[in-house]
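Engineer: This is the structure, below, for whatever I ask next.
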Amino acid sequence: CPEQRIATIDEDATIHESHKREALPHYEGGRGYQPMTAVWAEMNLVVADQFRDGNVPAHYAPLPVAQAAFAALPLSILEYYFRGDSACHEHGLIDWLRDSNRPNGPIGPIGFAISARMSSALAVAIRALQETDWHPYTLGKPTDELREWADVPFVPGESSEHRDTQPLRYVAIRIRPRQGNLFLDGTEVRHFAILSNLWDWNGARLLQWHREKAGTIEHVHDVVKNELAGGLRALRGVLPCGRFGANATWMRLVLLSYNLLTALKRLALPPELLTARPKRLRFLLFTLPGRLVTHARKLCLRLATSSERLLQWIEAARLLPAPA
-18 CPEQRIATID
-8 EDATIHESHK
2 REALPHYEGG
12 RGYQPMTAVW
22 AEMNLVVADQ
32 FRDGNVPAHY
42 APLPVAQAAF
52 AALPLSILEY
62 YFRGDSACHE
72 HGLIDWLRDS
82 NRPNGPIGPI
92 GFAISARMSS
102 ALAVAIRALQ
112 ETDWHPYTLG
122 KPTDELREWA
132 DVPFVPGESS
142 EHRDTQPLRY
152 VAIRIRPRQG
162 NLFLDGTEVR
172 HFAILSNLWD
182 WNGARLLQWH
192 REKAGTIEHV
202 HDVVKNELAG
212 GLRALRGVLP
222 CGRFGANATW
232 MRLVLLSYNL
242 LTALKRLALP
252 PELLTARPKR
262 LRFLLFTLPG
272 RLVTHARKLC
282 LRLATSSERL
292 LQWIEAARLL
302 PAPA
């Protein structure tokens, strides 16, 4: 897609279970690995990854992965964006995103939205908001909860904050039950927040855009774990070896397979298969039953499919940039 001019990088770490002796404990109580992955959201491509032990915190050094992700983008990109969860709330990464002359990265602005870690000072600032500061925020479908957003006048007192830097925007989310009941943890209201440098966007739009990463990077995690043998929980982990390097290679091959399927769908398959998951492609393409038949001294392959589908496959083979 050479006409694509916007690149949004979604970065996240996830746990891959493994019960090898060499696997280290992770924060959920099991054992395994916790690789970090970066996805180009508009193109559904994995552009960077870093394999990590399970005991490495999710918020540890996200900057090198982000730098590798932006370095992998083509030169035709004109607008850059970044989204992440609270693991990306790390001053090294945020300072790099805010710097228009950033080292090892594209020159110019990068708009970002990152889930904020709820510090005690930020919680106090949110509770100090007036009732008129809150605005309705819906997810597009009826729920049992009331959701509202508000801009929070908050400047963190961290040493990484510089006097001449434009302040970040903090947008708070307030969630309350409609019937006045308590949440399972015994609270009446929950507060969350994101930080961003996009001041021109409406708060509801900014929150919705930030939530859309659940359909990109979280989708990649789901497919890699449950359909591409990256770490099926039902099988109690499928990483092949106790050696760290061998498992890192396995994971890199899995991510390359994900990108290969994306390329196949974009370059050769019909438009209705653009969002098809590997499981669907497996039944439609890769495991099609056929029978070898000898007729008139010729060896033929009889496929259990329609002529229309067969013509689509012939066209797909023609469109693929591969040698004849």
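Position 87, counted from 1, in the sequence shown is what this note's numbering calls 68; the numbers after and before it change by one each time, with no gaps.
Don't be surprised by glycine CBs; every beta carbon is placed ideally from N, CA and C.
Pull up the distance between the alpha-carbon of N79 and that of G86, whole angstroms please.
Structural biologist: Looking at the sequence shown, residue 79 is not Asn but Arg. Near 12 angstroms, if we compare the C-alpha coordinates of G86 and R79.
Engineer: At a Cβ threshold of 7 angstroms, is R12 touching chain C?
Structural biologist: In the displayed structure, chain C is absent; only one protein chain is listed.
Engineer: Nearest to L266 by alpha carbon, out of L273, A277, K246?
Structural biologist: For the residues L273, A277, K246, the minimum Cα distance to L266 belongs to K246.
Engineer: Report the rounded CA-to-CA distance for G35 versus V46, giving the unit in angstroms.
Structural biologist: Distance between the alpha carbons of G35 and V46 is about 17 angstroms.
Engineer: For a minimum of 4 consecutive residues, which ranges assigned as the alpha helix (DSSP H) are wholly contained in the stretch 70 to 153?
Structural biologist: List check, alpha helix (DSSP H) in window: 72 to 79, 101 to 108.
Engineer: Taking the C-alpha atoms as reference points, what is the distance between V56 and G89?
Structural biologist: Position check: residue 56 holds Leu in this sequence, whereas Val was assumed. Those two C-alpha atoms are separated by around 13 angstroms.
Engineer: Mark S288 as exposed unless 16 or more other C-beta atoms lie within 10 angstroms of its C-beta, in which case mark it buried.
Structural biologist: Exposed is the call here.
Engineer: Tell me, please, which residues DSSP counts as bridged to L367.
Structural biologist: The structure shown does not extend to residue 367, since the chain is modelled only from -18 through 305, so no value can be given for it.
Engineer: Taking the C-alpha atoms as reference points, what is the distance between K122 and A106?
Structural biologist: Taking the straight line from one Cα to the other gives about 30 angstroms.
Engineer: Buried or exposed for L282, going by 16 or more other Cβ atoms inside 10 Å?
Structural biologist: With fewer than 16 Cβ atoms within 10 Å of its Cβ, L282 is classed as exposed.
Engineer: Under DSSP, the beta strand (DSSP E) around I58 begins and ends at which residues?
Structural biologist: Note, I58: premise wrong, no beta strand (DSSP E); not H, not E.
Engineer: Taking only the alpha-carbon atoms, compute the straight-line gap between A53 and M24 and give it to the nearest angstrom.
Structural biologist: Cα to Cα, A53 sits roughly 13 angstroms from M24.
Engineer: What distance in whole Å lies between the Cβ atoms of R150 and N178, which are believed to be in contact at a cut-off of 8 angstroms?
Structural biologist: Right, their Cβ atoms sit about 7 angstroms apart.
Engineer: Is it buried or exposed for E264, if we count other Cβ within 10 angstroms and need 16 for buried?
Structural biologist: A small correction: the amino acid at residue 264 is Phe; Glu does not occupy that position in the sequence shown. Exposed is the call here.
Engineer: Are S101 and S67 close, meaning C-beta to C-beta below 7 angstroms?
Structural biologist: Against a cut-off of 7 angstroms, the Cβ pair of S67 and S101 comes out as no contact.
Engineer: Tell me the DSSP bridge mates of A297?
Structural biologist: A297 pairs with nothing; no bridge assigned.
Engineer: When DSSP builds the beta bridges, which residues end up paired with S177?
Structural biologist: Its beta-bridge partners are A94, R150.
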